[in-house]
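A.B. asks: Pasting in a structure now, in structure tokens, and then I'll have a few things to ask.
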Amino acid sequence: MKYDNNMTGVLFKNDKKNNDKRPDYRGSAVIDNVDLNISAWIKRSQKTGDAFMSLRFEAKVAAPKRAPVMDETPFDDDKDLPF
Numbered sequence: 014m015k016y017d018n019n020m021t022g023v024l025f026k027n028d029k030k031n032n033d034k035r036p037d038y039r040g041s042a043v044i045d046n047v048d049l050n051i052s053a054w055i056k057r058s059q060k061t062g063d064a065f066m067s068l069r070f071e072a073k074v075a076a077p078k079r080a081p082v083m084d085e086t087p088f089d090d091d092k093d094l095p096f
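In case it helps, the working numbering puts the sequence shown at residues 14 to 96.
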């Protein structure tokens, strides 16, 4: 039986955080069967001072597929035309 990971996710502490713009946590999730990257920042409420997490979800983008390599034989206009 294959595990259904739809509507689940995971976050890990970002060990490469070197400025405040980088997320405190990074991870991934699957929502409605769409693979997502998650970024999370720990912030504090200005009104109450309570800590909370601000989240950003971004669709994982597949690496672009490379076009197949064409035959690199030079094309000779005069020889390859049927007329």
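Positions of the beta carbon are idealized from the N, C-alpha and C atoms, including for glycine.
1. Kindly indicate which three-state DSSP category residue 21 falls into: helix, strand or coil?
2. For residue 48, which residues from the same chain have a beta carbon less than 6 Å from its beta carbon, with the 5 sequence-adjacent residues on both sides left out?
3. I'd like to confirm the pairing. Which residues does DSSP put opposite residue 57 in its beta bridges?
4. Cutting at 6 Å between CB atoms, please list the residues of its own chain near residue 71, excluding the five before and the five after it.
5. Under a Cβ-count criterion, where at least 16 other Cβ atoms within 10 Å of its own Cβ denotes burial, should residue 75 be classed as buried or exposed?
6. In or out: residue 64 buried (at least 16 other Cβ within 10 Å) or exposed?
7. Taking the C-alpha atoms as reference points, what is the distance between residue 31 and residue 39?
C.D. replies: Let me spell this out:
1. What you label residue 21 is simply residue 8 of the sequence shown in a count that begins at 1. Three-state result, residue 21: strand.
2. If you number the sequence shown from 1, residue 48 lands on position 35. Excluding sequence positions up to five before and after residue 48, its CB lies within less than 6 Å of the CB of 73, all in the same chain and listed in chain order.
3. Residue 57 sits at position 44 when you count from the first residue of the sequence shown. Looking at the DSSP assignment, residue 57 forms a beta bridge with 64.
4. Counted from its first residue, the sequence shown places residue 71 at position 58. Contacts found: 50.
5. Walking along the sequence shown from the start, residue 75 turns up at place 62. Answer is exposed; the Cβ neighbour count stays below 16.
6. Taking the first residue of the sequence shown as 1, we reach residue 64 at position 51. Answer is exposed; the Cβ neighbour count stays below 16.
7. As a working mapping, residue 31 is identified with position 18 in the sequence shown. As a working mapping, residue 39 is identified with position 26 in the sequence shown. Roughly 14 Å between the two C-alpha positions.
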